Structure formats: structure tokens, C-alpha cells
Amino acid sequence: GKPWTVPMLADAKREGRKLVMLTAYDSGFARVMDDNGVDLVLVGDSLGMVVQGHDSTLPVTVDDVAYHVQCVKRGLRRALLIADLPFGADATPERALDASLKLLQAGAAMVKLEGADHKLDVIRFLVSREIPVCAHLGLTPQSVLRLGGYKVQGREDAAAKKIREDAFEVAEAGATLLVLECVPSVLAAAITVAGTIPTIGIGAGAACDGQVLVLHDLLGANTGHRRPKFVKDFLAEGGSIAGAVKAYADAVRSGAFPDAAHAYE
Ligand code: KIV
Ligand code: NA
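Every number in full-length UniProt numbering is 6 more than the matching position in the sequence shown, counting from 1.
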């Protein structure tokens, strides 16, 4: 296929083609993903946990993300590269612009940031300066201190309504993609159907326009403190790293993943 561009994401949603996304942190894995059906590669600030060994994403810096973006970029020929703005880097529009320029100059085509509220101004500021933005709602791991842990969000009516409103507002502000993490499947489905921008789910059910998993979770290589329900070890099924990536991509495209056992009702 052709290399992915940002406008192609909206085409995929309109045409009902599922988007396959994984996180990567280095060039070798990035190439395996690019060769085996992955459309979007995310250098997530999950690198703080799975690469650096911290117990949250809070210690990750812009320079850390930029380094991994450079590594991953060299492995990609076709997939679109998205980079996380780490904790604090999007605290103000100006800080977010400086960080985003670094990440785009390192090779990313889009930045991702968590939340809505005051982040709506950040999204508008970045988009007006030609920086494509992916929003991230539901469980936002950079909120771990306020939340007191990693748990499903949007189970109560008021919380679900807030996430639905935030989803509308991040799109209004100019985001072109929306990650929904750890929310009930019905909520993610409602947002996906009502919204104009593609949704990418992680623990958000099969109705989303695409899915994302953390590479280490896909391969069963986590350190134990973070093995949520939505994680599936595709290495057993795929037989090799390339096979695991391909099994995941195929399962997302066919709608086989996630099933009810890997989602929240
Ligand atoms: O940092 C990350 O890997 C992410 C994904 C889980 C969406 O934000
Ligand atoms: Na992240």
C-alpha cells in the first residue's frame, strides 16, 4: 500500500476500514510492524514503564520521546508515526508547540496529548500551527496521581457524559484522531458512531474505528504490574514476533479483536 498520510485517516473511517496501531520504541520492531499490516505506530510515553521501568509515565521527557521517535522513524516506510507529548510538555500552548516541533523534526507526523478542558486551547494552538493532533480520553495515565490508579473510566452516567462531551470538543478543536482508553464498550461505540474523527480503542471494545496495544503487552513481555483485562498475548497464536504482529493486525481488521473477554461492559 501507499504510505499513510493524515487525510487518509478520515477516508478509512468513512469507508469502514479498521485502523491498526501499535506502540514501538525502536527501529527493528518498527520495521516488523511496517511489514506486517500496522498502519499507525505510536511512540507512547508508555516507554517510561515498558522501556525505562518506571511505575508511571510521569518521568518521561520530551528528549526521551524524541530519541525513540528518531529510532522508530528509521524503521518505517509506510506507517504513520505518532509521538506522545509527555507529562507537562502540553501544560501550556507554548510549551506544547516547542515540544511538538521537536517531535515532528525527529520524524513524527502527529502528536498525541491526553485530556480536554484546558487542553482544548493547546489542541487549537497546535493545529493552527500545522501540527496534526491525536487526542486521548478515558483512562489518561498522566492523571494517575489524581485518579489514584489505573481503572476503567466512564462507568457512571455523569462520567460517561463528560467523556462524550470531551470527545465532541477535541474534534471541534481540530484533533484528527482520538484514542479511547479503558472505557465501557457501549460508550466508545456511541462516541465512534456520533463522531467525525476516527477512534482508536485500547480496552474500549470492538466498535472503535481502530485498535492500539502496547508492544510489550502484545508479546507478553510486561513486568507484571500492568496486565489489564484488554491485553492479549498474540505471540502464542502468531508463533513469532512478525506472526504476532500479523495476527493482531488481521484480528483487528476482521473485528475478531477485541472480543468481550478483552473489553469492559
Ligand atoms: O503511551 C502509550 O503507549 C499510549 C497508548 C497506550 C495509547 O498512550
Ligand atoms: Na501515552
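All C-beta atoms in this analysis are idealised placements derived from N, C-alpha and C, irrespective of residue type, glycine included.
Quick caveat: nothing in here was measured; it's all calculated off a predicted structure.
For this session: Would you give the residue range spanned by the beta strand (DSSP E) that Gly-216 belongs to?
Result: Translated into the one-based positions of the sequence shown, residue 216 becomes position 210. It spans 216-219 - the beta strand (DSSP E) in which Gly-216 sits, taken as one unbroken run.
Exercise. For Val-218, which residues from the same chain have a beta carbon less than 6 Å from its beta carbon, with the 5 sequence-adjacent residues on both sides left out?
Worked result: As a working mapping, residue 218 is identified with position 212 in the sequence shown. Result list for Val-218: Met-27, Ile-206 and Ile-208, in chain order.
For this session: Mind listing, in chain order, the continuous beta strand (DSSP E) runs of no fewer than 3 residues lying wholly within the region 66-120?
Result: 86-90 and 116-120
For this session: Excluding the 5 residues preceding and the 5 following Asp-32 in the sequence, name in chain order all residues of the same chain whose CB lies nearer than 8 Å to its CB.
Result: On the sequence shown, position 26 is the one that residue 32 refers to. So the list reads His-74, Cys-77, Val-78 and Gly-81, once near-sequence residues are dropped.
Exercise. To the nearest angstrom, how far is it from the Cα of Leu-48 to the Cα of Lys-24?
Worked result: Residue numbering aside, residue 48 sits at position 42 when the sequence shown is read from its first letter. Residue numbering aside, residue 24 sits at position 18 when the sequence shown is read from its first letter. Cα to Cα, the separation comes out at about 16 Å.
Problem set entry | Bridge partners - Leu-143, DSSP secondary structure assignment | Within the sequence shown, the letter at position 137 stands for residue 143. Per DSSP, Leu-186.
Exercise. Is the region 84-96 touching the region 172-181 in the sense that three or more CB pairs, one from each, lie closer than 8 Å?
Worked result: no
For this session: Taking 8 Å as the cut-off, decide whether the C-beta atoms of Thr-67 and Ser-52 are in contact.
Result: Counting from one through the sequence shown, the residue named residue 67 turns up at place 61. Counting from one through the sequence shown, the residue named residue 52 turns up at place 46. Not a contact, by the Cβ cut-off of 8 Å.
For this session: Please confirm if the region 99-109 is in contact with the region 126-133, defined as three or more CB-CB distances below 8 Å between the two stretches.
Result: yes
For this session: Can you give me the Cβ contacts of Lys-108 inside the same chain, cut-off strictly under 7 Å, excluding the 5 residues immediately before and after it?
Result: As a working note, residue 108 is residue 102 in the sequence shown. Once the five neighbours on either side are set aside, the close Cβ partners of Lys-108 are Val-68 and Ala-72.
Problem set entry | Thr-198, enclosing alpha helix (DSSP H) - first and last residue | As a first step, residue 198 must be located in the sequence shown, where it is residue number 192. Looking at the DSSP string, the run of the alpha helix (DSSP H) that includes Thr-198 is 191-200.
Problem set entry | Beta-bridge partners of Thr-29, as assigned by DSSP | Sequence index remark: in the sequence shown, residue 29 carries index 23 (1-based). Answer is Leu-48.
Problem set entry | Sequence-ordered residues whose beta carbon comes within less than 5 Å of a heavy atom of the ligand NA | Gly-50, Asp-51 and Asp-90
Exercise. Are there three or more Cβ pairs, one per stretch, closer than 8 Å when the region 156-168 is compared with the region 134-141?
Worked result: no
Exercise. Less than 8 Å separating the beta-carbons of Ala-269 and Gly-226?
Worked result: Position 263 of the sequence shown, counted from the start, is the residue given in the question as residue 269. Position 220 of the sequence shown, counted from the start, is the residue given in the question as residue 226. No, these two residues do not count as a Cβ contact at 8 Å.
Problem set entry | Simplified DSSP assignment, three categories, for residue 6 | A query on residue 6 cannot be resolved here, the shown segment of the chain reaching from 7 to 271 and no further.
Exercise. Between the beta-carbon of Pro-204 and the beta-carbon of Gly-216, is there less than 8 Å?
Worked result: Position 198 of the sequence shown, counted from the first residue, corresponds to residue 204. Position 210 of the sequence shown, counted from the first residue, corresponds to residue 216. Result yes, Cβ atoms of Pro-204 and Gly-216 sit closer than 8 Å.
Problem set entry | Gly-244 vs Ala-253 beta-carbon contact at 8 Å | Sequence index remark: in the sequence shown, residue 244 carries index 238 (1-based). Sequence index remark: in the sequence shown, residue 253 carries index 247 (1-based). Against a cut-off of 8 Å, the Cβ pair of Ala-253 and Gly-244 comes out as a contact.
Problem set entry | Near the ligand KIV: His-60 beta-carbon under 7 Å from a heavy atom | Residue 60 sits at position 54 when you count from the first residue of the sequence shown. Because no heavy atom of the ligand KIV lies under 7 Å away, the Cβ of His-60 does not count as near it: no.
Problem set entry | is_contact[Met-39, chain B] using C-beta, thresh 8 Å | The structure shown contains no chain B, having only a single protein chain.
Exercise. Can you tell me where the alpha helix (DSSP H) with Ile-137 in it begins and where it stops?
Worked result: Numbered from its first residue, the sequence shown carries residue 137 at position 131. Careful: Ile-137 lies outside any alpha helix (DSSP H) and carries neither H nor E.
Exercise. Can you list, in chain order, the residues of its chain whose CB lies under 7 Å from that of Leu-110, leaving out five sequence neighbours each side?
Worked result: Locating residue 110 in the sequence shown gives position 104, where the first residue counts as 1. Here the set comprises Ile-137.
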